[in-house]
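Working notes, beginning with the structure itself.
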Amino acid sequence: MTEPLFREEHALFRETARRFVEAEVAPHHARWEQQGVVDRELWRKAGEAGLLLTAIPEEYGGGGADFLTSVVMIEEMMRHVYSGPGFRLHSDIVAPYILHYGSEDLKRAWLPRMARGEVVTAIAMTEPGTGSDLQGVRTSAVRDGNHYVVNGQKTFITNGQLADLIVVVCKTDPALGAKGTSLILVEADRAGFARGRNLDKIGLKAQDTSELFFDDVRVPITNLLGEENQGFRYLMQELPQERLLIAISAVTVIEAALEWTIAYTRGRQAFGRAIADFQNTRFKLAEVKTEAHVARVFLNDCIARHLRGELDVPTAAMAKWWLTELMGKVVDTCLQLHGGYGYMTEFPIARAYADARVHRIYGGTTEIMKEIVARSL
Ligand SMILES: Cc1cc2nc3c(=O)[nH]c(=O)nc-3n(C[C@H](O)[C@H](O)[C@H](O)COP(=O)(O)OP(=O)(O)OC[C@H]3O[C@@H](n4cnc5c(N)ncnc54)[C@H](O)[C@@H]3O)c2cc1C
């Protein structure tokens with residue numbers, strides 16, 4: 012149903028992504044779920060296959076393609092619920108911060124290595140004491156000659172165990188509140204940086220999510236992204252794309268769940284007939300089909316707006332809350348139609364159920380999204 016948006020080059024890219032997922036992700040994902048993190052080697056392989064930073068200009072080592080390649084990547088990973096590799100965050104959230112706000116030196120130093128999968132990245136906003144309210148960030152960066160000295164703690168950071176480079180949201184002028192926020196790149200090999208444990212989660216089992224600690228970490232002032240104290244503005248500019256990416260993931264899973272459930276209920280028998288023949292099943296699937304269609308039309312409209320540079324903050328917030336809430340409802344319905352097998356993690360619907368929950372929390376909770384929409388009224 013994304014056909015109207017895609018062109019031939021996206022179909023070709025989809026073939027490459029699909030082959031990669033079949034060869035390099037599918038055989039290993041269950042093991043990564045056990046170990047709580049994907050193999051480092053996967054990142055290099057994805058880089059070699061040209062699957063990272065596809066929407067970053069070629070002059071910085073990226074694929075030079077448009078945002079639709081990012082959409083394809085999410086669709087090809089999420090239609091099997093392969094949520095372990097944190098490619099989306101690396102290619103479509105962190106890389107744009109460096110591209111849009113980094114100095115020429117920073118872009119040339121990091122983006123090509125990120126595209127090759129040699130460097131894995133993360134973004135650290137959330138702290139133990141604050142998540143929704145980013146004005147409350149306490150991690151500080153104090154100027155000392157040509158350096159910033161960073162102190163603080165972050166938590167729930169995706170790619171936290173593997174990251175070599177982290178965009179850290181800090182306060183450079185705490186007296187100014189949100190207006191004293193800056194974004195600073197911190198390399199993981201700097202003295203004073205430490206990773207906490209890999210956090211144990213109810214879903215996203217193959218994705219590493221960590222605490223990070225900064226104890227007098229000295230970074231050169233040239234690691235600042237953009238201007239000092241402008242970080243909050245940059246976050247507000249980039250968050251619509253992050254929220255759209257989460258919405259794309261939600262709709263991909265909704266559509267996949269429908270397909271799995273149609274197939275499963277046709278094959279499963281009870282009381283001498285296929286489960287799919289009970290009126291309740293037929294009506295539930297009819298509801299899901301309708302919801303999936305409405306979701307797709309809305310999502311495609313948001314993607315089209317984003318491609319034109321017209322996706323505003325409230326519309327991205329609407330897509331994020333509404334489509335992720337719908338995802339939760341749909342996977343619950345579809346799991347129910349699988350019966351006990353739906354609760355077994357070997358079935359994708361079970362993993363989709365566990366993974367779906369966080370979509371309503373990260374990237375801004377449903378409640379915060381509604382606040383954003385309400386403020387725009
Ligand atoms: C698996 C996972 C991966 C993550 N990855 C990252 C990452 O890579 N980088 C990163 O920085 N963060 C990451 N996060 C953190 C995530 O973005 C935050 O958890 C989220 O923004 C919510 O913040 P919080 O947990 O502090 O909840 P809180 O802000 O404490 O919110 C608790 C509850 O209060 C509600 N609430 C708060 N304020 C209001 C309000 N004004 N009105 C109504 N209700 C309100 C919230 O909606 C929520 O229901 C991740 C989280 C998870 C679980």
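The sequence shown begins at 12 in my numbering and counts up one residue at a time.
Backbone N, C-alpha and C define an ideal beta-carbon position, used for all residues, glycine too.
In this text, all values refer to a predicted model and were calculated from it rather than measured experimentally.
| said: Would L145 and L246 be called neighbours here (beta carbons separated by less than 8 Å)? | reply: Your numbering for residue 145 matches position 134 in the sequence shown. Your numbering for residue 246 matches position 235 in the sequence shown. Between L145 and L246, the C-beta spacing is below 8 Å.
| request: Go ahead and pull the three-state DSSP assignment for G207. | output: Here residue 207 is taken as the residue at index 196 of the sequence shown, counted from 1. Correct three-state label for G207: strand.
| message | Need the endpoints of the beta strand (DSSP E) that H158 sits in, please. | response | Within the sequence shown, the letter at position 147 stands for residue 158. Start and end: 158–169.
| With 16 other CB atoms within 10 Å as the buried threshold, where does R371 fall? | As a first step, residue 371 is located in the sequence shown; it is residue number 360 there, counting from the start. So R371 ends up on the buried side.
| query | In or out: N234 buried (at least 16 other Cβ within 10 Å) or exposed? | reply | In the sequence shown, residue 234 corresponds to position 223, counting from 1. That one is buried.
| request: List the endpoints of the continuous beta strand (DSSP E) containing R154. | output: Reading the sequence shown from its first residue, position 143 is the one you call residue 154. From DSSP, the beta strand (DSSP E) with R154 extends over 151–155.
| Straight-line gap, T132 to R99 (C-alpha atoms, nearest Å) | Looking up residue 132 in the sequence shown gives position 121. Looking up residue 99 in the sequence shown gives position 88. C-alpha separation (whole angstroms): 11 Å.
| Which partner residues does V179 have in the DSSP bridge list? | Locating residue 179 in the sequence shown gives position 168, counting from the first residue. Looking at the DSSP assignment, V179 forms a beta bridge with A135, I195.
| Taking the C-alpha atoms as reference points, what is the distance between D219 and M329? | Looking up residue 219 in the sequence shown gives position 208. Looking up residue 329 in the sequence shown gives position 318. D219 and M329 have their C-alpha atoms spaced approximately 28 Å apart.
| Can you round the beta-carbon distance between L223 and K165 to whole angstroms, since I take them to be within the 8 Å contact cut? | Here residue 223 corresponds to residue number 212 of the sequence shown, with the count starting at 1. Here residue 165 corresponds to residue number 154 of the sequence shown, with the count starting at 1. Contact holds; Cβ gap of about 4 Å.
| task | With a threshold of 16 other CB atoms inside 10 Å of the CB of V96, please say whether the residue is buried or exposed. | result | Here residue 96 corresponds to residue number 85 of the sequence shown, with the count starting at 1. Note that residue 96 corresponds to Pro in the displayed sequence, not to Val. So P96 counts as buried.
| 8 Å contact criterion, which F225 and A189 should meet: CB distance rounded | Along the sequence shown, one-based indexing puts residue 225 at 214. Along the sequence shown, one-based indexing puts residue 189 at 178. About 20 Å separates the Cβ atoms of F225 and A189, ruling out a contact at the 8 Å cut-off.
| So V384 is in the alpha helix (DSSP H); what residue range does that whole segment cover? | Here residue 384 corresponds to residue number 373 of the sequence shown, with the count starting at 1. Its alpha helix (DSSP H) spans residues 377–386.
| said: Just to check my reading of the structure: A285 and R279 have Cβ atoms closer than 8 Å, yes? What is that Cβ distance to the nearest angstrom? | reply: Within the sequence shown, numbered from 1, the residue matching residue 285 stands at position 274. Within the sequence shown, numbered from 1, the residue matching residue 279 stands at position 268. Indeed, because the Cβ distance is near 7 Å, the residues count as touching under 8 Å.
| Residue range of the unbroken beta strand (DSSP E) whose run includes V228 | Numbered from its first residue, the sequence shown carries residue 228 at position 217. Per DSSP, the unbroken beta strand (DSSP E) holding V228 starts and ends at 220–231.
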